[in-house]
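Engineer:
Residue numbers (the working numbering): 163 to 340.
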């Protein structure tokens with residue numbers, strides 16, 4: 163005969179005396195309800211949305227850069243070389259200083275890139291300097307438009323993820339299975 167139990171089984175009681183921690187909320191549930199509705203597609207397909215944002219961000223940088231450079235080149239318009247403009251005061255001076263800094267950085271990057279590609283070789287020094295300033299001006303304009311570019315990318319990301327990235331992904335899967 164089995165030994166009698168001294169204590170009944172109490173499965174319904176907790177093993178520890180502390181209360182259970184509340185369930186962990188995800189990052190998306192911490193967002194306001196309006197934003198949760200907008201973030202739902204990102205939660206469902208994060209890789210395609212991040213890919214879409216990165217592709218759109220690069221497209222909104224490269225295409226305007228090329229278009230602005232071509233327009234500036236056709237019109238013969240470019241920013242003055244760094245150090246040729248007068249110093250301003252107040253907010254206008256800060257904006258002018260920021261603009262000159264962007265043009266100077268763009269000038270250094272453009273000169274380095276164009277020399278590396280050999281596109282400045284055989285050009286007259288004035289023509290080479292003009293080409294570098296046109297690219298630098300286009301780069302500074304694209305940099306100044308960064309907030310608008312980011313807003314446009316965020317707005318277009320869900321559509322681009324559904325219509326382009328998802329279809330390209332399916333096409334690549336089919337192609338890979340062949």
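The beta carbon of each residue, even a glycine, is placed where N, CA and C say it ideally should be.
Fair warning: this is a prediction, and the values are worked out from it, not measured in the lab.
Considering just the uninterrupted stretch of the alpha helix (DSSP H) at residue 199, what are its terminal residues?
Structural biologist: Residues 195-206.
Engineer: Quick check on the DSSP output: the alpha helix (DSSP H) that includes residue 309 runs from which residue to which?
Structural biologist: Looking at the DSSP string, the run of the alpha helix (DSSP H) that includes residue 309 is 308-322.
Engineer: Inspect the beta-carbon positions of residue 206 and residue 295 and report whether they are closer than 7 Å.
Structural biologist: Not closer than 7 Å, so no.
Engineer: Alpha carbon to alpha carbon, what distance is there between residue 314 and residue 262?
Structural biologist: Approximately 26 Å between the Cα atoms of the pair.
Engineer: Are the Cβ atoms of residue 264 and residue 300 separated by less than 7 Å?
Structural biologist: It is not a contact, given that the beta carbons lie outside the stated cut-off.
Engineer: Relative to the C-alpha of residue 237, which residue among 292, 208, 269 is closest?
Structural biologist: When only C-alpha atoms are compared, the closest one is 292.
Engineer: Using only CA atoms, which one of 308, 310, 194, 227 lies nearest to residue 297?
Structural biologist: It is 227.
Engineer: Should residue 231 go down as buried or exposed, given a rule of 16 or more other Cβ atoms within 10 Å for buried?
Structural biologist: By the 10 Å Cβ count, residue 231 comes out buried.
Engineer: Taking only three categories from DSSP, how would you classify residue 282?
Structural biologist: Residue state, collapsed to three classes: coil.
Engineer: If you draw a straight line from the C-alpha of residue 242 to the C-alpha of residue 258, how long is it?
Structural biologist: Approximately 12 Å, taken between the alpha carbons.
Engineer: Determine whether the beta carbon atoms of residue 221 and residue 322 lie at a separation below 7 Å.
Structural biologist: For residue 221 and residue 322, no; Cβs fall outside 7 Å.
Engineer: In this structure, does DSSP put residue 340 in helix, strand or coil?
Structural biologist: Looking at residue 340 - three-state DSSP - the assignment turns out to be coil, as it is neither helix nor strand.
Engineer: Using the Cα positions of residue 304 and residue 337, report the straight-line distance between them to the nearest angstrom.
Structural biologist: One C-alpha to the other measures close to 37 Å.
Engineer: Just mark residue 224 as buried or exposed, buried being the case when its beta carbon has 16 or more other beta carbons within 10 Å.
Structural biologist: Flag for residue 224 reads exposed.
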